[in-house]
Amino acid sequence: MTVFSLGSDESLAIDLDTRGAGIRSLRLRTPAGLIELCLGYPGPVAPDIDPFYVGTLVGRYAGRIAHGRLRRAENHWLLAKAEGERHCLHGGPQGFSSRVWQVKEYTPSGAESGSSRGGSRLLLGLHSPDGDQGFPGALDALVLFETLGGAAGAPSVGDPPDVGFAYEVRARCDAPTVVNLSSHVYFNLEGVNAGTTVCEHELRLHAAAYTPCDAEGIPSGVIAPVTGTPFDFREWRRVGEAIGEGRLRPSGLDQNLIIDGTPGKMRPAAMLRSRASGVQMTVATTQPGMQVYSGGYLGSPFKKFAGICFETQNFPDAPNHPAFPNAWLHPGEVYRHRTEFHFACSSGTVS
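Under my numbering, the first residue of the sequence shown carries the number 155, and numbering increases by one thereafter.
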């Protein structure tokens, strides 16, 4: 395990781990001081004792694949499942989140990064062989993390100006396979050291539809409007309001939403804010969907609902539902998606 740092404690700083291509720390400079915005373990953690995927990049297929079964024409594959589990989750028990990724490029100085956005950057790569966790075909994956300056089109809440970071995933294969890569970082805009949950955070989603699922998180294949459901966050609502309605699973919010607009194009997906800290976060992505998860299954050393994830992704179990976006990648094609997180803060409550 090796940790690399991007950015600066003068504005926004990120610590990245080669294990699981994980985000270990995200620190934002605010008028009240430096705030740690994401959950992280205090020291090295063995992959097999992290059931919460804290900060990691999950794959080869993020989310659930029903009963661990893939089917394509006359071909069938049985994917690896964790002990006692009925479905393949986040690429299997030894998925990408448990692997040590290889460093391809590291530029801590924005002036030397060569990025048009001017941010420092880290490029990590991983080779997944044919049959890895049961998936067909070999896959070569890359993830680029970079810090960002001002947010183009993102709302400014106050001083200092907006700052942020992005991750961009790419993959190629040597035979048809499925791929869906997503970051499982947990955010708490009040600061994880405050010991609070995200229940008082206010959330707004650019999502008018969702994919209903059963009690085990497997989609039915139907696309439905969010109207009248706990997942309607088209206007600002407290996260705890939806959890307190009593219509959700024990995990609270844990649902794939369909992001408004055209998949493949960068567009707003979510806004999250804390009135206590004055911090506001904007999420934008090219992905078609986003799993919003309020951390209801978190356990020691974390508190239930201590963080919220915005897992930008293809839909869960998409390979088994023809009406869902295509999840298959073929030789000669490039899987590529980008997600950006922008932060702004004010010295008082958010207006």
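No residue lacks a Cβ here, since even glycine has one placed at the ideal position from N, Cα and C.
Report yes if the C-beta distance between residue i and residue j is below 8 Å; otherwise report no.
i	j	result
GLN445	GLN409	yes
ALA329	PRO366	no
PHE299	PHE319	yes
GLY213	GLY176	no
LEU224	PRO485	no
CYS327	ILE397	no
GLY453	LEU193	no
LEU211	HIS496	no
ALA424	LEU357	yes
ASP386	ALA498	no
ALA325	LEU278	no
ALA477	ILE377	yes
GLY406	LEU191	no
GLY375	HIS475	yes
If residue i sits next to residue j, beta carbons under 8 Å apart, how far is it from one beta carbon to the other, in whole angstroms?
i	j	result
GLU322	ARG492	4 Å
SER428	LEU343	4 Å
LEU170	LEU160	7 Å
LYS457	GLY450	So it is not a contact: roughly 11 Å between Cβ atoms.
VAL333	LEU483	5 Å
Is residue i buried or exposed, if buried means 16 or more other CB atoms sit within 10 Å of its CB?
i	result
ASN480	exposed
ALA295	buried
ASP286	buried
TRP390	exposed
ALA265	Residue placement at ALA265 cannot be trusted, given a pLDDT of 47 that sits under 50; what the coordinates show is reported in the next sentence. Looking at its Cβ environment, which holds fewer than 16 other Cβ atoms inside 10 Å, ALA265 is exposed.
SER337	buried
GLU237	exposed
VAL393	buried
ASP313	Any reading at ASP313 must be qualified, since the residue scores a pLDDT of 46, below 50, and its modelled position is unreliable; no value is offered.
LEU232	exposed
VAL157	exposed
ASP284	exposed
ARG275	buried
ASP471	buried
PRO422	buried
ARG173	buried
GLY197	exposed
GLY249	buried
So for residue i, helix, strand or coil by DSSP?
i	result
ASN334	strand
SER251	helix
PRO473	helix
GLU228	coil
HIS496	strand
GLU395	helix
HIS491	strand
ALA481	coil
ALA369	coil
PRO309	In this predicted model, PRO309 has a pLDDT of only 38, less than 50, meaning its place in the structure is not dependable; the value taken from the coordinates is given anyway. The answer is coil: DSSP assigns PRO309 none of H, G, I, E or B.
ASN468	coil
ASP163	coil
GLN256	strand
ASN347	helix
GLY174	coil
GLY268	Residue placement at GLY268 is flagged as unreliable, the pLDDT there being 47, under the threshold of 50; a coordinate-derived value is accordingly withheld.
GLN409	strand
HIS281	strand
ASP286	helix
GLY222	helix
ARG214	coil
TYR195	coil
PRO379	strand
Measuring CA to CA, which of the options is closest to residue i?
i	options	result
VAL416	GLY209, THR440, VAL339	First, the amino acid is wrong: residue 416 is Thr here, not Val. Measuring from the Cα of THR416, the nearest candidate turns out to be THR440.
ARG388	PRO379, ALA362, LEU402, VAL376	ALA362
CYS242	PRO476, GLU370, SER405	GLU370
LEU541	GLY174, ARG173, ASP163, ALA186	Beyond the ends of the chain as shown, which are 155 and 505, falls residue 541; an answer cannot be given.
PRO384	LEU359, GLY375, SER374	LEU359
TYR207	HIS230, LEU188, ARG226, ARG178	ARG178
LEU411	PRO205, PRO442, GLY222	PRO442
ILE372	ALA167, SER165, GLU239, ALA186	GLU239
PHE469	PRO422, GLY217, ASP414	GLY217
THR184	VAL376, THR172, ALA167	ALA167
ARG135	GLY382, ILE413, LEU276, GLU190	Since the displayed the chain opens at 155 and closes at 505, residue 135 lies outside it and no answer follows.
HIS281	TYR215, ARG253, ARG226, VAL339	ARG253
VAL339	MET155, MET420, GLU494	GLU494
VAL297	LEU407, ASN347, TRP255	TRP255
GLY187	GLY406, ARG403, GLY375, GLY432	GLY432
THR466	ARG226, VAL437, HIS475	VAL437
VAL488	ALA227, THR331, MET420	THR331
GLY273	SER165, TYR215, ALA227	SER165
Does the Cβ of residue i lie closer than 7 Å to at least one heavy atom of the ligand GDP?
i	result
ALA167	What this structure holds is no ligand at all, so the ligand GDP is not there to describe.
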